[in-house]
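Novice:
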Amino acid sequence: MAHLTFYEPFFDLEQLVKPFGTSRLNINSVIPSSGVLKPKLDLHENTQKNLITATFELPGVKKEDVQLDIHNGILIISAENKASSEHEENGYAIRERRFGKMSRSLRLPQGIKTYSRVQDEDIRAAMADGVLTITFPKLSPDQEPKKIAIA
Numbered sequence: 049m050a051h052l053t054f055y056e057p058f059f060d061l062e063q064l065v066k067p068f069g070t071s072r073l074n075i076n077s078v079i080p081s082s083g084v085l086k087p088k089l090d091l092h093e094n095t096q097k098n099l100i101t102a103t104f105e106l107p108g109v110k111k112e113d114v115q116l117d118i119h120n121g122i123l124i125i126s127a128e129n130k131a132s133s134e135h136e137e138n139g140y141a142i143r144e145r146r147f148g149k150m151s152r153s154l155r156l157p158q159g160i161k162t163y164s165r166v167q168d169e170d171i172r173a174a175m176a177d178g179v180l181t182i183t184f185p186k187l188s189p190d191q192e193p194k195k196i197a198i199a
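Going letter by letter, the sequence shown gives residues 49 to 199 in this note's numbering.
(1) What residue does the beta strand (DSSP E) around T181 start on, and which one ends it?
(2) Can you give the beta carbon distance from L156 to L116, rounded, assuming they're within the 8 Å contact cut?
(3) Which residues in the same chain as V109 place their Cβ atom closer than 6 Å to its Cβ, once the five residues preceding and following it in sequence are excluded?
(4) Per DSSP, what kind of secondary structure is K111 in: helix, strand or coil?
(5) Sort F184, T95 and L106 by Cα distance to F147 and report the nearest one.
(6) Taking just the CA atoms, how far does R152 sit from K111?
(7) What residues are listed by DSSP as bridge partners for L129?
(8) Take the Cβ of I182 as the centre, count every other Cβ of all protein chains shown within 10 Å, and call the residue buried at 16 or more, exposed below.
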């Protein structure tokens, strides 16, 4: 059975910088920003329940401001964290919280029931405390593709 692995493209770069005293490389300061934030992701496979769970950090975002789409096996999450207008009259001394649009695309692993093979109620999404959790059912072993022998 295939297990999911998460690819971290900047892992080697972080390992290169680590001996110089930097524990985490701030990629945003190295690579020019497109203005769109990329939410952090955890992907988990539960083989006992035959489920895949994707968890995204969306701090400060309301569920009404999140949009989920699946297109051609790609999950697309887009959200917007709107800046509050409180305290605008006096300005800010420091404002470290990020506001703006967030977007993340994730190619779903093979063997997940997607919109073409699934009932709407099979895919579940919930949001609590700034964490979006999406659960996908996997194809059962009898629904997996069958090999055909050539005669």
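Glycine included, C-beta positions come from ideal geometry on N, C-alpha and C.
Specialist: Quick answer:
(1) V179 to P185
(2) Not really, about 12 Å apart at Cβ, beyond 8 Å.
(3) A127 and N129
(4) Three-state result, K111: helix.
(5) L106
(6) 16 Å
(7) Residue identity check: residue 129 is Asn in the sequence provided, not Leu. Looking at the DSSP output, N129 sits in a beta bridge with G148.
(8) Taking all protein chains shown into account, I182 has 16 or more neighbouring C-beta atoms within 10 Å of its C-beta and is therefore buried.
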